[in-house]
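First comes the structure, then the notes that go with it.
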Amino acid sequence: MQQLAISFLRGRHALVLALAAALSGCAAGPDYQRPAAPAVPGYTATALPQHTAAAPGLLGEAQHWQMGAAVPAQWWRALGAPRLDAWIAQALEASPTLASAQAALRQAQELQSAQAASTRYPQVDVGLGAQRQRQNGSALAPAGGAAPLADVYSASLGVRYRFDLAGGDQQARQAWAARADYRRYQLHAARLALAANLTGAAIARARLADQRAAMQALLQAQDEQLALAHQRLRLGSAGQDELLALQAQAERTRSDLALLRKQVQHSENLLAVLAGQAPGAAAVPDFSLAEFRLPVELPVRVPSELVRRRPDILAAEALLQAATADYGVAAARLYPQIQLSASLGSQALTTGALFSGGSAVWGVLAQLTQPLFNPALPAEKRAALAALDAAAANYQVVVLDALRDVADALGAVEHDAQAQVALAAGDAAAQAALQSVERQYALGAAGYVQLLLARQQAQQNRLALIAAQAQRLADSAALYQAMGGGDAAPETVASRTGP
224 MQQLAISFLR
234 GRHALVLALA
244 AALSGCAAGP
254 DYQRPAAPAV
264 PGYTATALPQ
274 HTAAAPGLLG
284 EAQHWQMGAA
294 VPAQWWRALG
304 APRLDAWIAQ
314 ALEASPTLAS
324 AQAALRQAQE
334 LQSAQAASTR
344 YPQVDVGLGA
354 QRQRQNGSAL
364 APAGGAAPLA
374 DVYSASLGVR
384 YRFDLAGGDQ
394 QARQAWAARA
404 DYRRYQLHAA
414 RLALAANLTG
424 AAIARARLAD
434 QRAAMQALLQ
444 AQDEQLALAH
454 QRLRLGSAGQ
464 DELLALQAQA
474 ERTRSDLALL
484 RKQVQHSENL
494 LAVLAGQAPG
504 AAAVPDFSLA
514 EFRLPVELPV
524 RVPSELVRRR
534 PDILAAEALL
544 QAATADYGVA
554 AARLYPQIQL
564 SASLGSQALT
574 TGALFSGGSA
584 VWGVLAQLTQ
594 PLFNPALPAE
604 KRAALAALDA
614 AAANYQVVVL
624 DALRDVADAL
634 GAVEHDAQAQ
644 VALAAGDAAA
654 QAALQSVERQ
664 YALGAAGYVQ
674 LLLARQQAQQ
684 NRLALIAAQA
694 QRLADSAALY
704 QAMGGGDAAP
714 ETVASRTGP
């Protein structure tokens, strides 16, 4: 009988191993294939010019495209503002937004490690137990009396391992790795966005400061003209309508100046918060346009390179990888599962006899399960396929938005350069007209009112030119951001697991 039992166990063990060997080559779900790069050669219907237009004066240099050039990691240094460089370096260290993204990345990495450890290696448990029990109806019980109490002590060591026959565990590990990559790209995108937002806020702060100075000069000229109108009204050489019109103009400028001061304060608060500081807790640099430099060489990645470098596209690709692996996990649940478990332990009535040879107990279990009727499993597989289709469509949306973002940035650099050329010409004409009126006024051929009007016109043109100069800087920063920032792209799941 014992020999028959041993033969049966051996035969069953051989059957389990044969099934494992037969199914080990099965892998549920598709292998991840990296999406093809866009086939378009450029971002616009027409070819880009070799360079933008050049405008005289501050920040008016012609900018050249460098197709296929590498984008520097610290791209904001191309703007030539050391105080901005220091402020961004401080923000990258103290930003709570980056701290949150870093914590989310650590969480994803630890979850990936936990998933890998739980599926690659067997689980080993050790247990110690003590139990007091009474067995009713025991032969040891005296007639008419209660059964005696017995103390039972146990110690055990258990090992469990599940064979990954259909590749579900491997797919689950790839899904968790892709989600960790997603968090890594999110952190990269957060750094890029923080640097871009700080750069934009600093440029806006510089523009507002320069415009405030120009508007204060404009308001001073309008107040002088209004004072002259009061004198002329008393002398009878000006009407009440003229005085009211000049007063309305001055008050409107005064209102615009108050709005500028409000925007300056808002920009200072934004710069402080982006750097991880409370508003007013630290002195925010009072940037001016004169301390910036317009980058004359602008790197432009081709579309096929952009999709391999831009962090939001890489994040969408990581979600696509995770969805592909999740589909494989759902498909693997439809296949047989084999789990082996073994235990070794001892049981005794006393702790002294717990580890004696006669108290040893052991067991080995091989279990094969095959779902026969579980309507939830096919539905879960279909749901995973729908999630995969959604992730693929979302990836296409992100790529198209990125291409549009780059196209808009390139168009802005080109067209805003042309606008600056026109405004610079208008500013030059206004300054020449002012100088002409000043000479006439010195010779007595022009009145003071004419001089004030010429000054107002020059200041109004100066305000528009300052806005155009700042916009050229902002366009350059937007292009660097659209290109995805620095070249250091984290390793992807695709580079580790397949094409």
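Counting from 1 along the sequence shown, just add 223 to a position and that's the residue number in our numbering.
Don't be surprised by glycine CBs; every beta carbon is placed ideally from N, CA and C.
It should be emphasised that the depicted structure is a prediction, and the values quoted were computed from it without experimental measurement.
Please report how far the alpha carbon of residue i lies from the alpha carbon of residue j, in whole angstroms.
i	j	result
GLN593	GLY391	14 Å
ASP308	ARG627	29 Å
SER569	GLN409	52 Å
MET290	VAL263	14 Å
ALA401	GLN544	6 Å
THR476	VAL525	46 Å
PHE515	LEU467	41 Å
GLY248	ALA389	Because the pLDDT at GLY248 is just 44, under 50, the model does not fix this residue reliably, and the value given afterwards should be weighed accordingly. Looking at the two C-alpha atoms, the distance is approximately 8 Å.
GLN590	LYS604	24 Å
LEU417	VAL636	21 Å
VAL496	LEU633	30 Å
SER511	ARG455	40 Å
LEU611	ALA539	12 Å
ALA245	TRP399	Per-residue confidence for ALA245 stands at a pLDDT of 44, beneath the threshold of 50, marking its modelled position as unreliable; no derived number is given.
VAL622	PRO534	11 Å
ASP348	ALA403	29 Å
GLN486	ASP464	33 Å
LEU480	ALA691	19 Å
ALA292	GLU528	10 Å
ALA337	LEU517	49 Å
VAL672	ALA312	51 Å
Reducing DSSP to helix, strand and coil, say where residue i ends up.
i	result
GLN330	helix
GLY248	With a pLDDT of 44 at GLY248, under the threshold of 50, the modelled position of that residue is not reliable, and the figure given next carries that caveat. Correct three-state label for GLY248: coil.
VAL525	coil
GLY459	coil
ALA396	Note that residue 396 is Arg in the sequence shown, not Ala. DSSP places ARG396 in helix when its eight states are reduced to three.
GLN500	coil
ARG257	coil
VAL507	coil
TYR266	coil
GLY707	coil
GLN273	coil
ASP374	strand
GLN356	strand
Have a look at the options and flag the residue whose alpha-carbon is nearest the alpha-carbon of residue i.
i	options	result
TYR405	PHE596, LEU458, GLN332, THR342	GLN332
VAL523	ASP433, LEU608, ALA630, LEU595	ALA630
ALA304	ALA425, VAL525, GLN694	ALA425
PRO508	LEU493, LEU517, LEU521	LEU493
VAL530	ALA677, GLU316, GLY707, ALA327	GLY707
ALA607	ALA565, THR573, PRO559, ALA548	ALA548
ALA260	GLY634, ALA625, VAL375	ALA625
TYR255	ALA615, GLU474, LEU467, VAL519	ALA615
PRO272	ALA651, HIS638, ALA668, ALA701	HIS638
ALA740	ARG457, GLN663, GLN680, SER582	Residue 740 lies beyond the residue range present for the chain, which begins at 224 and ends at 722; the question has no answer from this structure.
LEU429	ARG484, ALA609, GLN472, GLN463	It is Ala, not Leu, that sits at residue 429 in the sequence shown. For ALA429, the nearest C-alpha among the options comes from ARG484.
ARG306	THR422, ASP650, GLN325, ALA398	THR422
SER582	LEU696, ARG532, TYR376, VAL382	TYR376
ARG257	ALA403, ALA541, LEU676	ALA541
SER341	GLU528, PHE596, ASP387	ASP387
TRP288	ALA296, HIS274, GLN297	HIS274
ARG532	ALA296, LEU321, ALA270	ALA296
TRP585	ALA501, LEU380, ARG435, TYR618	LEU380
With a CB to CB cut of under 6 Å and the five nearest residues on each side skipped, what residues in its chain are close to residue i?
i	result
ARG385	GLN562
LEU537	TYR408
ALA276	ALA640, GLN641, VAL644
VAL552	GLY391, GLN394, ALA395
ALA437	GLN682, ARG685, LEU686
ALA694	A quick correction: the sequence has Gln, not Ala, at residue 694. If we look at GLN694 and ignore the five residues flanking it on each side, its Cβ neighbours are ASP639.
SER564	ARG383, LEU588
ALA701	ALA632
Given residue i, which residues of its chain have a CB within under 8 Å of its CB, disregarding the five upstream and five downstream residues?
i	result
ARG300	ASP308
LEU600	ALA553, ARG556, LEU557, PRO594
LEU469	GLN445, GLN448, LEU449, ALA452
GLN335	ARG396, TRP399, ALA400, ARG402, ALA403
GLY265	LEU271, VAL525, PRO526
For residue i, which residues of its own chain have a beta-carbon under 7 Å away from its beta-carbon, when the five flanking residues on both sides are left out?
i	result
GLU661	LEU674
ALA647	ALA278, PRO279, GLY280, GLY283, LEU688
GLN704	LEU415, ALA419
ARG678	ALA444, LEU657
LEU724	Absent from the model: residue 724. The displayed extent of the chain is 224 to 722, so no value can be given.
GLY499	ALA314, ALA317, SER318, PRO319
Would you say the beta carbon of residue i is closer than 7 Å to some non-hydrogen atom of the ligand GDP?
i	result
ALA693	Ligands are entirely absent from the displayed structure, and the ligand GDP is therefore not among its contents.
So that I know if they touch, is there some Cβ in chain B lying closer than 8 Å to that of residue i?
i	result
LEU567	No chain B appears in the structure shown, which is made up of a single protein chain.
Going along the chain, which unbroken runs of the alpha helix (DSSP H) with 4 or more residues stay wholly within the stretch 617–705?
-> 671–705
Considering only residues of the stretch 532–590, which uninterrupted beta strand (DSSP E) runs meet the minimum length of 3 residues and lie entirely inside it, listed in chain order?
-> 560–571
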